[in-house]
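The number in the working numbering is simply the position in the sequence shown, starting from 1, with 15 added. Each residue gets a CB set at the ideal place from its N, CA and C atoms; glycine is no exception. Bear in mind that the values here come from a model prediction, so they are computed numbers and not experimental data. What follows is a single structure, written as structure tokens, with notes after it.
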Amino acid sequence: AELMALMLLFATNFNAIITPQGSSANVIYVGSGYLEPGEIYKVGGIVTLVNTLVFLLVGTPWILLVT
């Protein structure tokens, strides 16, 4: 159950950074010209990759250790 909770956390809370429309802050940054949509996608991909690696390499062994 704990691993499913972590997967749900990953699937719901980290999606705001992936696209320019993912959160209200992204819309403001892109609309003002401060960031280009391509930059948001690039940073979103990097953050998603880092979060996935943290969950897999740190979270999974920790869950297996405490259960």
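Look at residue 49 here: in three-state DSSP terms it is coil, with no helix or strand label. Nearest to residue 64 by C-alpha distance, out of 17, 32, 79, 18, is 32. Around the beta carbon of residue 53, a 10 Å sphere encloses fewer than 16 other beta carbons of the protein chains shown; the residue is thus reported as exposed. Taking 9 Å as the cut-off, the Cβ atoms of residue 18 and residue 55 do not count as close. Classified as exposed, residue 60 has fewer than 16 neighbouring CB atoms from the shown chains inside 10 Å of its CB.
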